[in-house]
Amino acid sequence: MDQIETFRLLGDETRLRALALMGREKEVCVCELVAALGLSQPKISRHLSALRDAGLVEGRRDAQWMFYRISPSLSPWQTQAIQAALDSIADEPVLKRDKTRLDKMNNRPQRNAAA
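Residues in the sequence shown are numbered from 78 upward in steps of one, following the working numbering.
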């Protein structure tokens, strides 16, 4: 994937918020992103699909749950770009609210076998 496409994807607030939670939690379920970001499941899934199609995140199914994580096979410049983007927004109030909502979420799915 080229740099322009990567930066285009990183330029979206919803995708950055999702990546921030993946960076913090290592892996998150779609249901956790729905609860934390306060957005609909179809909207979250569309954003995850764009990130997955670009190779920035990987998904794995565990029973009925779909978990996502930042891809460990990113190129060095992609890893640096994502980290720089996440570092630059780390103190944003919306991210703190997302983390609080995720921490308060009841019935979070159990991770049986992290990939």
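In this text, a Cβ means the ideal position worked out from N, Cα and C, and glycines have one as well.
Cα atoms of A131 and N183: separation of roughly 31 Å, rounded to the nearest angstrom. Within the model, the alpha-carbon separation for A162 versus A140 is close to 32 Å.
Counting the other CB atoms within 10 Å of its CB gives F144 a total of 16 or more, which places it among the buried residues. For the set D175, C106 and G136, the Cα lying nearest the Cα of P186 is the one of C106. Annotated three-state conformation of E90 is helix, per DSSP.
Residue pairing of R138 in beta bridges, as defined by DSSP: M143. In this chain, the alpha helix (DSSP H) harbouring R129 covers Q118 to D130.
Judged by their CB atoms, H124 and D180 are not nearer to each other than the 9 Å cut-off. By the CB criterion at 9 Å, L98 and K173 fall outside the cutoff. Exclusion of the five residues before and after V111 leaves S117, Q118 and I121 as the residues of its chain whose Cβ lies within less than 8 Å of its Cβ. With contacts defined by Cβ atoms closer than 9 Å, G136 and R178 do not form a contacting pair.
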